[in-house]
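Comments concern the structure below.
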Amino acid sequence: MLGALLVLALDLPPAARAALALWDEGRRVEAVDALASVVDGRPDDLETRTVLVEREIAIHRYRSAWEHLAGLGTEHDPTRGRVLYQLGRYEEAVPYLAGAEHVLARHDALTALGRMEEARAALDEAQRILGDEDPRVLTLVGVDLAVRGETAEAIHHFRAALEIDPLEQEARFALGRALVVLGEREEGLLVLSEHRRLVPLVDRRDFAFKSLDLAPRYAPNLAELGDCERSLGRTDAAREAYRRSFELAAGDQVTPIALRYARLLFEDDRDLSRALAVLDLAHARASDPHLLVRAGDYLADRGRDLEAAARFEAALELAPDAAVVRDRLARVRARLAEDR
Amino acid sequence: MSAVRLLVVATVGSALGACAGSEEAAVPEGSDGWFTDVTGVWDLDFEHDAGTSAEKLLPETMGGGGALLDADADGDLDLYLVQSGPVPTAAVRAQGTRRPVNRLYANAGDGRLTDATDRSGDAAHNGCGMGVAAGDATGDGLTDLYVTNFGPDVLLVNRGELRFDDATARSGIEDSRWTAGATFFDADADGDLDLYVTGYLDVDAENPTWCGRREPGWRSYCHPDHYDGLSDRFWRNAGDGSFENATLTAGFADSDGKGLGVVAADLDLDGDLDLYVANDSVENRLWTNSGDGTFVDDTLLSGTGVNGRGATEAGMGLACADVDDDLDLDLVVTNLDHESNTLYRNEGGGLFRDATVASGLEAASRMPVGFGCVFEDFDQDGRLDLAVANGHIIDNIALYDDAQTHRQAAQVFAGEGGGHLRALGAQAGELASEPFVGRALLAGDLDGDLDLDLVLVQCGGPAHVFRNDAAAGPALELRGLAPGTRVVVELDDGRRCLRTAGPAPSYFGASHPHVHVGLGDARAVRLEIRAPGSEPREVVFDEPLAGGVWRAEGDG
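Top line first, the protein sequences correspond to chains U and S.
Quick note, the first sequence lines up with residues 279 to 618 if you use the numbering used here.
Quick note, the second sequence lines up with residues 172 to 727 if you use the numbering used here.
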């Protein structure tokens with residue numbers, strides 16, 4: 279697949295390749311504008327047109343993608359379905375929505391249209407294609423069972439979905455509702471309460487993903503994702519988001535991102551040395567007293583007062599009037615004096 | 172004309188006999204659709220000033236409220252429209268530019284409107300306006316107004332002959348935050364109207380956040396997620412013109428919900444008024460009235476906090492009506508693009524179910540951004556229809572999602588019975604033929620022909636008034652009922668229709684206060700009336716009514 283893409287890229291005219299370089303730099307909107315210019319000048323260049331359509335979809339330019347799909351062959355019909363679906367043109371989208379990638383969209387489009395028997399058939403197809411372990415499929419089957427009044431069986435599906443994906447919010451909500459309907463009011467309300475707790479966190483995470491669609495290399499977007507993942511207790515995902523964010527951070531972005539990354543390493547991972555490494559690396563890039571103070575705090579927390587004092591002293595060199603830093607320094611010096 | 176007696180049995184009939192006509196919606200001969208734009212003909216010249224700035228301050232894109240009320244007690248509906256203007260930052264204040272004022276239009280009785288702002292006293296308020304609630308707060312028979320602002324709200328007491336006084340300080344109400352939706356309702360059944368006001372967002376206009384890309388032209392209005400929500404406030408009417416902040420004592424202890432819309436309705440059919448609040452991007456809230464004016468948060472159990480997929484939506488406008496003809500009240504909430512407008516069907520027992528798909532609303536409402544919405548029987552066939560004003564929040568949204576536009580066509584959905592709605596498309600007429608930045612959508616009979624016209628208020632554009640050309644049958648209008656009064660109208664063909672007295676809130680507004688019942692080919696033979704906090708009563712017509720106006724004063 280990668281080989282095919284490379285060949286495709288090599289087949290592109292220089293202007294299109296330059297546009298893709300912009301894309302790789304994270305300058306997605308500029309890249310798409312440049313690709314569109316190429317296609318305007320070379321309407322028969324189907325390779326560039328194909329690349330353009332995929333990139334337009336990635337940045338939510340579905341109307342343009344639809345226009346640029348004209349002239350491409352029937353092998354692009356699944357893409358047509360995807361674009362029409364995103365444009366809310368469900369009647370037109372349905373015939374094109376096929377295959378593993380689009381079967382759930384087909385189900386959703388048919389549901390939105392109220393064509394419930396066809397939607398059920400699409401769900402059967404989704405089960406065949408995606409398997410019984412797919413949390414979305416489990417949830418949708420559960421919803422269908424609940425509608426049919428098979429509440430106990432629906433509950434089984436919702437629980438199974440949540441086992442696989444604890445953030446499957448539709449399953450959690452439906453589980454709570456189904457339990458209430460079944461007379462298990464207390465348990466149902468507990469589930470609904472947990473759903474209520476998670477809703478804003480999941481919403482925020484979804485929003486962060488949407489921002490990343492537009493600017494995947496914008497460090498604050500990745501840091502926001504890290505915050506969301508951390509708030510959901512998904513430490514591995516948060517750590518990875520912070521790590522990528524820290525790599526990409528520049529200028530004023532460095533300090534706030536480093537502080538968040540270090541907090542996870544220190545508080546969640548209990549990894550003082552990595553937290554210090556991040557803070558020191560960030561300080562080398564940004565020369566910010568906040569980073570030194572945070573490092574001093576972490577060191578003091580672990581009783582390494584001598585090193586903490588050094589960090590606070592360095593911070594005071596950069597911010598001599600910072601009373602809060604002076605207070606910190608005084609405290610660790612007092613402890614050191616006691617120890618002596 | 173009628174006999175009145177207390178109902179012995181207050182229970183309502185089964186859905187089988189409920190209000191559900193069967194005729195196809197018709198358009199009168201010579202008309203191009205249900206609604207015709209008569210803005211110029213009826214002399215409405217209001218243009219909403221959004222106060223747009225380079226800083227993209229969120230209040231600039233939320234405004235556009237209004238109310239239909241009988242301001243001069245002459246029997247027809249006048250129109251009050253709320254202005255916004257520039258967000259009053261220190262820099263704006265320093266410029267000293269004269270701010271635009273809210274405007275009051277007097278109705279000549281046939282729909283023609285005359286600007287009466289100059290003689291409206293303090294109704295010509297010049298705050299950074301958002302919405303307005305209408306109700307007789309002072310109990311003198313005249314309709315008063317409460318205007319929500321980005322800044323201090325105002326209570327405008329009607330002194331008659333179109334004149335209003337600012338009674339805010341005297342009333343004890345004080346709220347300088349960003350407030351949004353508001354409704355007058357008798358929460359504690361003591362005969363006076365209390366007030367619920369939603370708080371929206373804690374926005375620091377002096378230090379605006381930059382949202383969107385940094386390139387010229389790409390700066391965007393921020394998503395509500397960027398701001399903390401504000402708590403709602405409940406003001407209990409003492410009956411002497413003063414109000415007490417009873418938010419906490421009434422049970423609204425945790426209402427920090429970014430509220431935009433609020434409706435008071437007897438959702439559990441126990442005779443008092445409950446509250447439903449549409450919150451933007453966080454869960455909506457259902458507050459059940461305990462009967463004594465204290466409220467319990469029943470959001471979780473009811474299932475009305477999120478949509479059927481368990482997701483929060485952008486809750487903006489809302490409407491409450493018996494959509495599925497089963498003699499209880501359902502809810503519809505308008506939402507953002509890529510969300511549908513959500514219909515919560517009342518299942519009884521305090522439970523609601525997301526019936527958006529089953530109603531036919533799902534696909535048609537996923538792409539537009541819905542704001543004002545009203546459920547009324549516009550074609551007067553006995554089935555409730557839904558009209559929705561649309562328009563995006565973000566003026567440059569096409570840069571971020573080229574399937575979206577700032578201006579969007581309004582939509583009308585014809586009721587087909589049993590809770591099913593059919594999108595009319597072009598059949599809606601001029602209401603849907605031109606895109607607007609729609610906000611408030613108000614229904615009321617402006618031209619006195621006993622059908623319901625519409626006023627669409629835009630954010631940053633002219634307001635429009637649309638004459639109803641859809642009504643194919645007669646209607647019965649019930650007047651003089653307390654807000655939220657439930658009325659079951661029994662027809663001579665055996666059908667029973669549940670309707671409620673307004674004013675319905677829509678988005679940032681107040682529609683007409685009456686009960687409007689499309690009769691189709693039927694005639695009304697009996698009314699079951701239950702005012703909030705009162706025992707049910709029955710009105711039996713000796714001669715079935717084939718339309719007209721019925722007043723609740725005396726024996727009707």
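For every residue, glycine included, the Cβ atom is placed at its ideal position computed from N, Cα and C.
None of the values given here were measured: they were computed from a predicted structure.
With a cut-off of 8 Å, do at least 3 Cβ pairs link the segment 255 to 269 of chain S to the segment 602 to 612 of chain S?
-> no
For U/P478, go through chain S and note every residue whose CB falls closer than 8 Å to its CB, in chain order.
-> V453 and T483
Quick one: what's U/A309 bridged to in DSSP?
-> Paired residue(s): none; U/A309 is not in a bridge.
At what residues does the beta strand (DSSP E) containing U/E595 begin and finish?
-> Here U/E595 belongs to no beta strand (DSSP E); instead the alpha helix (DSSP H) covers D583 to L596.
Roughly how many angstroms lie between the CA atoms of U/D605 and U/D546, to the nearest whole one?
-> 27 Å
List the residues that DSSP assigns as beta-bridge partners of S/F335.
-> S/G292 and S/N329
Leaving out the 5 sequence neighbours to the left and right, which residues in its chain are closer than 6 Å to S/T354 when beta-carbon positions are compared?
-> A304, Y367, V433, A435 and P676
Should S/G541 and S/T505 be called a contact, given that it needs their Cβ atoms to be closer than 8 Å?
-> yes
Got a sec: is the Cβ-Cβ distance from S/G631 to anything in chain U below 8 Å?
-> no
Collapsed DSSP secondary structure at S/V747 in the structure displayed = With chain S represented from 172 up to 727, any question about residue 747 of chain S goes unanswered, as that position is not in the structure.
For U/V532, which of U/T429, U/L418 and U/R563 has the nearest alpha-carbon?
-> It is U/R563.
Between the Cα of U/A314 and the Cα atoms of U/G420, U/D530, U/R333 and U/R305, which residue gives the shortest distance?
-> U/A314 has its Cα closest to that of U/R333, out of U/G420, U/D530, U/R333 and U/R305.
Going along chain U, which residues have a C-beta under 8 Å from S/V626?
-> Near S/V626 there are no residues of chain U at all, since even the closest Cβ is about 28 Å away, more than 8 Å.
Does the beta carbon of S/H394 sit closer than 8 Å to a beta carbon anywhere in chain U?
-> Interface criterion met: the Cβ of S/H394 is under 8 Å from a Cβ in chain U.
Closest residue to S/T288 among S/G282, S/G280, S/N297 and S/D281 (Cα-Cα distance) | S/N297
Cα-Cα separation, S/L248 to S/A672 | 15 Å
S/G422 touches chain U at which residues, Cβ-Cβ below 7 Å?
-> Result: empty, since nearest Cβ-Cβ is about 18 Å, beyond 7 Å.
Identify the continuous beta strand (DSSP E) that holds S/D501 and give its terminal residues.
-> D501 to V504
Taking the alpha carbon of U/E369 as the point to measure from, which residue in U/L382, U/L388 and U/T357 has its own alpha carbon closest?
-> U/L388
Identify whether U/F487 lies in helix, strand or coil by the three-state DSSP scheme.
-> helix
Please report the Cβ distance between S/G689 and S/G615, rounded to the nearest whole angstrom; I am assuming they are in contact, meaning their Cβ atoms lie under 8 Å.
-> The beta-carbon distance between S/G689 and S/G615, rounded to whole angstroms, is 15 Å. This is too long to meet the 8 Å contact definition.
Is the CB-CB distance between U/V477 and U/G454 below 8 Å?
-> no
Among S/T656, S/V209, S/R670 and S/H685, which residue has its Cα nearest to the Cα of S/P707?
-> Residue nearest to S/P707 within the set S/T656, S/V209, S/R670 and S/H685 is S/T656 (criterion: CA-CA distance).
Any residues in the segment 522 to 543 of chain S with a beta carbon nearer than 8 Å to a beta carbon of chain U? Which ones, in chain order?
-> Look at the segment 522 to 543 of chain S: the residues with a C-beta under 8 Å from a C-beta of chain U are L522, V528, A529, G531, E533, A534, R537 and M538.
Can you tell me which of the three DSSP states S/G718 falls into?
-> coil
According to a CB-to-CB cut-off of less than 7 Å, which residues of the segment 573 to 585 of chain S neighbour chain U?
-> D573 and A574
Nearest to U/F436 by alpha carbon, out of U/I407, U/H473 and U/A400?
-> U/H473
S/G474 touches chain U at which residues, Cβ-Cβ below 7 Å?
-> R455
Residue(s) in a DSSP beta bridge with S/T420 = BP columns for S/T420 are empty, so no partner.
Can you tell me the Cβ-Cβ gap for S/M487 and S/Y251, rounded? I've got them flagged as a contact below 8 Å.
-> The Cβ separation is near 20 Å, so there is no contact.
Closer than 7 Å, Cβ to any Cβ of chain S: which residues of the segment 329 to 348 of chain U, in chain order?
-> Going along the segment 329 to 348 of chain U in chain order, one finds H338, R339, Y340, R341 and S342 with a Cβ nearer than 7 Å to chain S.
CB contact flag (S/Y571, U/H338, <8 Å) = Result yes, Cβ atoms of S/Y571 and U/H338 sit closer than 8 Å.
What are the boundary residues of the alpha helix (DSSP H) that U/N499 is part of?
-> A497 to S509
Please classify S/S347: is it buried, with 16 or more other beta-carbons within 10 angstroms of its beta-carbon, or exposed?
-> With fewer than 16 other Cβ atoms from the protein chains shown falling within 10 Å of its own Cβ, S/S347 counts as exposed.
Report the residues of the segment 414 to 441 of chain U with a CB closer than 7 Å to any CB of chain S, ordered along the chain.
-> none
Per DSSP, which residues does S/P606 bridge with? Please list them.
-> S/A580
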